[in-house]
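Protein chains: 2
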Amino acid sequence: MSHFTEVKLAHASRLINHGPTVLVTSSHGGRGNVMAAAWSMPVEFTPPRIAVVIDKTTWTRELVTASGAFGICVPGAALVDLTHAVGSLSGRSVDKFERFGIRTRPGPVLGVPLLEAGCAAWLECRLIREPHAEDAYDTCFGEVVAAAADSRIFAGGHWTFREDNADLQTIHHLGGGHFVRAGGTLRAAGS
Amino acid sequence: MSHFTEVKLAHASRLINHGPTVLVTSSHGGRGNVMAAAWSMPVEFTPPRIAVVIDKTTWTRELVTASGAFGICVPGAALVDLTHAVGSLSGRSVDKFERFGIRTRPGPVLGVPLLEAGCAAWLECRLIREPHAEDAYDTCFGEVVAAAADSRIFAGGHWTFREDNADLQTIHHLGGGHFVRAGGTLRAAGS
Numbered sequence: 066m067s068h069f070t071e072v073k074l075a076h077a078s079r080l081i082n083h084g085p086t087v088l089v090t091s092s093h094g095g096r097g098n099v100m101a102a103a104w105s106m107p108v109e110f111t112p113p114r115i116a117v118v119i120d121k122t123t124w125t126r127e128l129v130t131a132s133g134a135f136g137i138c139v140p141g142a143a144l145v146d147l148t149h150a151v152g153s154l155s156g157r158s159v160d161k162f163e164r165f166g167i168r169t170r171p172g173p174v175l176g177v178p179l180l181e182a183g184c185a186a187w188l189e190c191r192l193i194r195e196p197h198a199e200d201a202y203d204t205c206f207g208e209v210v211a212a213a214a215d216s217r218i219f220a221g222g223h224w225t226f227r228e229d230n231a232d233l234q235t236i237h238h239l240g241g242g243h244f245v246r247a248g249g250t251l252r253a254a255g256s
Numbered sequence: 066m067s068h069f070t071e072v073k074l075a076h077a078s079r080l081i082n083h084g085p086t087v088l089v090t091s092s093h094g095g096r097g098n099v100m101a102a103a104w105s106m107p108v109e110f111t112p113p114r115i116a117v118v119i120d121k122t123t124w125t126r127e128l129v130t131a132s133g134a135f136g137i138c139v140p141g142a143a144l145v146d147l148t149h150a151v152g153s154l155s156g157r158s159v160d161k162f163e164r165f166g167i168r169t170r171p172g173p174v175l176g177v178p179l180l181e182a183g184c185a186a187w188l189e190c191r192l193i194r195e196p197h198a199e200d201a202y203d204t205c206f207g208e209v210v211a212a213a214a215d216s217r218i219f220a221g222g223h224w225t226f227r228e229d230n231a232d233l234q235t236i237h238h239l240g241g242g243h244f245v246r247a248g249g250t251l252r253a254a255g256s
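Taken in order, these protein sequences are the chains called C and A.
Count along the first sequence starting at 1, add 65, and that's the number in the working numbering.
Count along the second sequence starting at 1, add 65, and that's the number in the working numbering.
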């Protein structure tokens, strides 16, 4: 049973506000792919827009350009090995969904393949074509058209990190396969 | 005594690879400012380039545009209150360095004001003018021209998060003054 529930578009930026490493999903012409990306960020609250760096040499970039859409899935700590693995080989030569036994569901608006099991959240995005930024910085802009999160860790527009949801806590890549897990929560004075 | 030591430019992206909330510093014509930014990311390893979202209505944006330079300082957990505070008021009406007793040092290449006390690292950046991305997405691109980190938490190109450096561990804004601290380290299989 999935614990995923819809996230309001006004809250979508919060899903990646704290800089987690994400999985970028894509499909076109009957083929799909998933890669890891440490470099993404929101750029606007309303309409919810994000930027993600997708190298121009990747199979994902081809699929995203061709389809005009991509998914941003936020893996939980239990998926750290999978995240590293899908970031370490190209989907040109292997179907990573099949290789790693990854199940996906189609996004509600664009049909982008999205992961739920083991993930904390996903954002379905429409590519905003920006040829110069894509070419010069491999930076792809997208508008979030749907979002959802596992209600055990994100509900009512807020993250809650607790001992009992450690497996869903976001991971943040330091480099070389080393990650930190979003753990101890801090609250700023006056907030 | 400062524990800051130079970080090789080839390693600069690692300082923000894991998505910490940062402080953006700037100065022009004798006035300076510091603001908090949750939205930044590397976009290229070599030359080291980054992107950061700086709203066009901010005083920082004016200073960055006028000077063609900015600093990215990575606050440690001990600066969570300061980070929230400098993100909650405008430098147009108050000198935040003075108000909060913040000491800075000039960057080695461009003279950008940089914070060290309480911070884990800084990156001194030259603005790469991209009028369209700046206008459409408030996204400012920069090339890192110098970088340094506190050797108690980042040395030899690697982060080390330990119990004894918790105050320097990076913070990641969830929204509304709630942060997570980069804490538990995970290592992916095969890495």
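Glycine is no exception: its CB is placed at the ideal position from the N, C-alpha and C atoms.
Does any C-beta atom of chain C lie closer than 8 Å to the C-beta of residue i?
i	result
A/PRO85	yes
A/TRP124	no
A/THR130	no
A/ASN230	no
A/HIS68	no
A/ALA203	Reading off the sequence shown, one finds Asp at residue 203 of chain A, where the question assumed Ala. Interface residue, yes.
A/ASP200	no
A/ARG79	yes
A/ASP146	yes
A/ARG217	no
A/GLY185	The residue asked about is misnamed: residue 185 of chain A is Ala in this sequence, not Gly. Not an interface residue.
Within 8 Å (strictly less), CB to CB, does residue i reach chain A?
i	result
C/GLY156	no
C/PRO113	no
C/TRP224	yes
C/HIS238	yes
C/PHE244	yes
C/ASP160	no
C/PHE165	no
C/PHE135	no
C/VAL118	yes
C/ALA247	yes
Is residue i helix, strand or coil by DSSP?
i	result
C/PRO196	helix
C/ASP232	helix
C/SER78	helix
A/ALA254	coil
A/ALA182	coil
List, in order along the chain, the chain E residues whose C-beta lies closer than 9 Å to that of residue i?
i	result
A/ALA254	Absent here is chain E; the protein component of the structure consists of chains C and A.
Review point. Considering only residues of the stretch 93-175 of chain C, which uninterrupted alpha helix (DSSP H) runs meet the minimum length of 4 residues and lie entirely inside it, listed in chain order?
Key: The alpha helix (DSSP H) runs of length 4 or more contained entirely in the stretch 93-175 of chain C are, from start to end of the chain, 124-132, 145-151, 161-164.
Exercise for review: For the stretch 150-160 of chain A and the stretch 190-207 of chain A, state whether three or more C-beta atom pairs, one from each stretch, are separated by less than 8 Å.
Suggested key: Cβ pair count under 8 Å is below three, so no.
Review point. The stretch 94-109 of chain A: which residues have C-beta closer than 8 Å to a C-beta of chain C, in chain order?
Key: Identification of residues in the stretch 94-109 of chain A having a C-beta nearer than 8 Å to some C-beta of chain C yields ALA103, TRP104, SER105, MET106, PRO107, VAL108, GLU109, given in sequence order.
Review point. Using 8 Å as the Cβ pair cut-off and three pairs as the minimum, do the stretch 110-125 of chain C and the stretch 85-102 of chain C touch?
Key: The answer is yes - the stretch 85-102 of chain C touches the stretch 110-125 of chain C, with three or more Cβ pairs under 8 Å.
Review point. Looking at C-beta atoms only, is the number of pairs between the stretch 92-99 of chain C and the stretch 94-101 of chain A that lie closer than 8 Å three or more?
Key: No, because fewer than three Cβ pairs between the stretch 92-99 of chain C and the stretch 94-101 of chain A fall closer than 8 Å, the two stretches do not touch.
**Study point:** Touching by the beta-carbon criterion (3+ pairs, under 8 Å), the stretch 76-86 of chain A and the stretch 223-239 of chain C
**Key:** Yes, the stretch 76-86 of chain A is in contact with the stretch 223-239 of chain C.
Review point. Taking contact to mean at least 3 C-beta pairs separated by less than 8 Å, is the stretch 204-215 of chain C in contact with the stretch 168-183 of chain C?
Key: With the cut-off at 8 Å, the stretch 204-215 of chain C and the stretch 168-183 of chain C touch.
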